[in-house]
Structure formats: C-alpha cells, structure tokens
C-alpha cells in the first residue's frame, strides 16, 4: 500500500497530473526555501554530521544560532562523538525493537500502541528540534524512559514464547 502511494506521488510529480504542481500547497512544500530536502534544517543536520566526523571532541559551532536544530547532534556538539555514538546505538536499537515488537503477532495490548506512538513521535520531534540543547534534559530522559519500557516489554514477550 505504501509503495503504491509513493508511486502515485511520483507519477503526479513527474507528469504534473491534474496540474498538481501548481497548487499553492505543493509549491510551498516542494519549492519554498529549496523544497523538502534543501531547507535549512536538512542543511544544518548535514553540516552537523560532517562536524561530528571532523571534530570528534565536540565543542564545534553550528550555523545560524550556533546549533544544529537536532537533539541527537546537539549531544555530539556539546559533549563528543562517543556520547553521540552510544546514544545513536541505543536509539536505533530501541526503534528496531519497537518495530519488531509491533509487527510480531504476540500479545499486544492497547498500551503498547500508545508506547510505540510516543516513542516514534518523540524520536521525530527530537530529530527536528534541539530539545537536548536546553539546560534540562527532561524530554530526552522521558524518551529514554519510554524506550526502556518498550525494550523491557519486548524482552518479556520474547522470553514467554
């Protein structure tokens, strides 16, 4: 289903079916500020990833306001690449476990759907906003708390079966 929607969007974009590319919303999404993949947030993230590799000890400055507009990259900027690497290993492992858990046909209760949704939404939000740059890391700690619950739930379900 997802592939069919992606294919439909590509066809609409390439052939400009129904004059879709001249609609005001499409112009703002695909054209304003360089479009979806050429906007300032993506440029800041790419610049931050380059600096993570080139300046592994951290302390580098980002563009504009000094940041990267990404919580995960802010940890690399404020601390160092090792902290960033450990954090990314934990985040990727948590996301992998949660996806495997949700597609398994094991006993999923309503709370699992809420936890999964919270985990994904917090991950996406922290990818777009530098909440880790704040003096308090409550949002990051809440993400770690929720992902810990999901990881433990995955372990319990897998050990039962």
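Residue numbers (my numbering): 27 to 187. Yeah, the Cβ is synthetic: ideal placement off N, Cα and C, and Gly gets one too. These numbers come from a predicted model, not from an experiment.
Nearest neighbour of residue i, chosen from the options [CA to CA]
{"i": "residue 125", "options": "110, 141 and 104", "result": "141"}
{"i": "residue 76", "options": "103, 97 and 118", "result": "103"}
{"i": "residue 165", "options": "175, 176, 149 and 178", "result": "149"}
{"i": "residue 127", "options": "110, 180, 118 and 135", "result": "180"}
{"i": "residue 11", "options": "151, 93 and 176", "result": "The structure shown does not extend to residue 11, since the chain is modelled only from 27 through 187, so no value can be given for it."}
{"i": "residue 182", "options": "70, 147, 123 and 115", "result": "123"}
{"i": "residue 87", "options": "98, 79, 97 and 74", "result": "74"}
{"i": "residue 82", "options": "109, 65, 72 and 71", "result": "109"}
{"i": "residue 115", "options": "170, 143, 178 and 85", "result": "170"}
{"i": "residue 85", "options": "105, 72 and 137", "result": "105"}
Bounding residues of the alpha helix (DSSP H) (the contiguous stretch that carries residue i)
{"i": "residue 100", "result": "97 to 104"}
{"i": "residue 135", "result": "From DSSP, residue 135 is part of no alpha helix (DSSP H); its letter is neither H nor E."}
{"i": "residue 69", "result": "66 to 80"}
{"i": "residue 107", "result": "107 to 129"}
Whole-Å CB distance - residue i paired with residue j, under 8 angstroms assumed
{"i": "residue 94", "j": "residue 155", "result": "That belief does not hold up - the Cβ atoms of residue 94 and residue 155 are roughly 11 angstroms apart, past 8 angstroms."}
{"i": "residue 78", "j": "residue 107", "result": "5 angstroms"}
{"i": "residue 130", "j": "residue 173", "result": "About 17 angstroms; that fails the 8 angstroms criterion."}
Residue i beta carbon near the ligand ATP (any heavy atom closer than 7 angstroms)
{"i": "residue 69", "result": "Judged by which ligands are present, the structure shown has none, so any question about the ligand ATP falls away."}
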